[in-house]
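Here's the structure we're looking at; comments come further down.
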Amino acid sequence: MKKTIWAILATTLFVQTNWSQKAIEILKKEANTSIEKERATYKKTALNIWDYAELGYKETNSSNLLAQQLKDNDFIVTTNVAGIPTAFVATYGSGYPVIGILAEYDALPGLSQDTSPTKTLIPNKNNGHGCGHHLFGTGSVAAGIAIKNLMKEGKLKGTIKVFGCPAEEGGSGKVYMVREGLFNNVDVVLHWHPSDNNSVTYTSALANKSAKFRFYGISSHAAASPEQGRSALDAVEAMDYMVNMMREHIPQETRIHYVITNGGKAPNVVPEFAEVYYYVRNPEKTIAVNVFDRVAKAAEGAAMGTGTRTEYEIIGGTHDLLINKTLADAMQSNLEKVGGVQYTAEEMAFATKIQSSFIDKKPPIANASKVNPMHIEKNLGSTDVGDVSYTVPTVGIETATWIPGTGAHSWQAVACGGTDIGIKGMLVAAKTLSYMAIDLFTNPTLVQKVKEEFKSSKGDYQYKPLLGDRKPALNYRD
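Each step along the sequence shown adds one to the number in UniProt numbering, with nothing skipped, and position 415 is 415.
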């Protein structure tokens, strides 16, 4: 069997470096020290982004802050990539391997919350970091800078990239970056996500296709001349009814969600415009697409039956996650090496107060200090990391930035993310990602094995974005 170019390069590099395990452990200790030395800086960055709480594709301050931090640390930063003003790619080094780290920083609407252990809105503020992306972005940047420091000292060779990825929350930012070819020459991608536990993400996710369905009717006086009107809201309700009836006749594990985003302005006016926003999810991307097509047919039927006109705009489309056991095993080892989050007595009291707000699930608070064994589990969420994983071998972790039992997209997650509990979990992630990157930079054989598994798992599948050729939906939050 002929060796690939990468295999030849990898073998050559391995002979040149011949890393001992002791030397690798020294590099990891240096990365740890590098991150701890800048703990105050990274805390300030994360809390600034927590305070900005900017929605998808509007993360101007958050993106600029992270990009500037990378520039200040000798990265070459390209902004406004893939037609997205708040997306960037930061690069340091040259040659192989090329290791990428994903960074997210968008917030969520309707999750205003201060750092109190009770539900407390921040006045005049609507958004909040209910998924901890302020920590995600900062932790990834910290890991990238730690690797850069080792490269600058001549202790590692290769290229480190940090990808600034906006609008993960429904905007599919990474899909446009993948489509633009920004990951084409990357060998391995690392990522992480805030959570209530410490574990390797050895699980897939649901493929997701979303769209806004718009209906156009005829306005009239709802009491004096209703016969002259054609209600766009009636069309939305008819569509929703048909889709709800459809739920009994779709493949198992399919999830359909919707919210009416515009239902008219006044009860005495027949609505001439209405809009409903749909998500369709399934573990299999082909099934998600097929069910979405049936939802679109329901919209057509609703328009026909109500005498209105309909159109829809694809907002997002993400693949499931393609897992890589070789990467996951290596990541598990590094996460166990770093360990979990240790609480002070004050943080334990805060955690107890947070848990008192939970309706049911109250796992032991001590779980935050533990690393879970690696196991396959179902992930009922969706992420645009899936599209990256079908382009380049990808692996991720979760770390305990929230009190055990805390759910994502909750006020409790926002509160935890603004405290040292969130910062501690973020630094666990930064250290673990840097350790994993060191393994990849010093072990070409590992990289080659990872790439071989990726090729085998992907098979003959040719990646194609589920959102087609549409331009980034920069105003999807409007």
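Even for Gly, the Cβ is constructed at its ideal location relative to N, Cα and C.
Secondary structure of His-133, DSSP reduced to three states: The answer is helix: DSSP assigns His-133 an H, G or I state.
Touch test, the stretch 150-168 against the stretch 35-52, Cβ-Cβ under 8 Å, three pairs minimum: The stretch 150-168 vs the stretch 35-52: no contact.
Start and end residues, beta strand (DSSP E) containing Val-385: Note, Val-385: premise wrong, no beta strand (DSSP E); alpha helix (DSSP H) at 385-389.
Nearest-angstrom Cα separation, counted from Leu-102 out to Pro-472: 19 Å
For Ser-195, three-class secondary structure by DSSP: strand
C-alpha gap between Tyr-216 and Glu-272, whole angstroms: Approximately 6 Å, taken between the alpha carbons.
Proximity winner among Gly-417, Gln-69, Leu-322, relative to Ser-382 (alpha-carbon distances): Leu-322
The stretch 141-153 in contact with the stretch 115-128 per 3-pair CB rule at 8 Å: no
Beta-carbon proximity list for Gly-305, same chain, < 7 Å, skipping 5 on both sides: So the list reads Ala-238, once near-sequence residues are dropped.
Boundaries (first-last residue) of the alpha helix (DSSP H) holding residue 479: Not covered by the structure: residue 479. The range shown for the chain is 1 to 478.
The beta strand (DSSP E) enclosing Lys-157, as first and last residue numbers: Element bounds for Lys-157: n/a, residue is neither H nor E.
Residue 479 vs Gly-137 beta-carbon contact at 7 Å: Look at the range of the chain in this structure, 1 to 478, and you will see that residue 479 is not part of it.
Residue from Asp-320, Gln-113, Ala-351, Asp-74 whose Cα sits closest to the Cα of Ala-53: Gln-113
Rounded separation between Pro-283 and His-249 - CA only: Taking the CA atoms as reference points, Pro-283 sits about 17 Å from His-249.
Contacting residues, own chain, Cβ-Cβ under 6 Å from Glu-336 (five flanking each side not counted): Val-371
Beta-carbon proximity check, Val-188 vs Pro-393, cutoff 7 Å: Yes; because the gap between Cβ atoms is below 7 Å, this pair is in contact.
Pairwise C-alpha distance: Glu-347 and Glu-377: 29 Å
Cβ-heavy atom distance, Val-162 to the ligand MN, below 6 Å: For the structure depicted, the ligand MN is absent and the ligand set is empty, with no information on it obtainable.
Three-way DSSP call (helix, strand, coil) for Tyr-277 in this model: strand
Outcome for Arg-247 when other beta-carbon atoms lying within 10 angstroms are tallied against a minimum of 16: The residue in question, Arg-247, is exposed, as its Cβ has fewer than 16 Cβ neighbours within 10 Å.
Neighbour-count burial assignment, Ala-146, 16 or more Cβ in a 10 Å radius: Counting C-beta atoms within 10 angstroms of its own C-beta, Ala-146 has 16 or more neighbours from the protein chains shown and is therefore classed as buried.
Of the listed residues Val-269, Ala-207, Ser-204, nearest to Asp-234 (C-alpha basis): Val-269
Spatial distance of Met-436 from Asn-334 (CA atoms): 6 Å
7 Å Cβ cutoff met for Val-186 and Gly-100: yes
For Ile-76, the three-state DSSP class (helix, strand or coil): strand
Environment of Thr-308 [buried if 16+ CB atoms lie within 10 Å]: Thr-308 comes out buried.
Unbroken beta strand (DSSP E) run spanning Ser-225, endpoints: Element bounds for Ser-225: n/a, residue is neither H nor E.
Extent of the continuous beta strand (DSSP E) run through Glu-347: Segment 345-355 is the alpha helix (DSSP H) holding Glu-347; no beta strand (DSSP E) there.
Residues of its chain near Leu-150, where Cβ-Cβ distance is below 7 Å and the 5 sequence neighbours each way are ignored: Once the five neighbours on either side are set aside, the close Cβ partners of Leu-150 are Leu-27, Glu-30, Ala-31, Leu-156.
Residue from Thr-432, Tyr-463, Leu-433, Ala-413 whose Cα sits closest to the Cα of His-134: Closest in C-alpha terms to His-134, from the list Thr-432, Tyr-463, Leu-433, Ala-413, comes Ala-413.
Cβ-based burial, Tyr-461 [other Cβ within 10 Å; buried from 16]: Tyr-461 comes out exposed.
Coil, strand or helix - Val-291 by DSSP: helix
Strand pairing of Leu-190, partner residues [DSSP]: Ile-101, Val-395
Short Cβ contact (7 Å threshold) for Ala-274 with Val-243: no
Where Met-245 falls, given that 16 or more other Cβ within 10 Å makes a residue buried: exposed
Coarse secondary structure for Thr-12, derived from DSSP in three states: Model confidence at Thr-12 stands at a pLDDT of 44, short of 50, so the residue's coordinates are unreliable and nothing is read from them.
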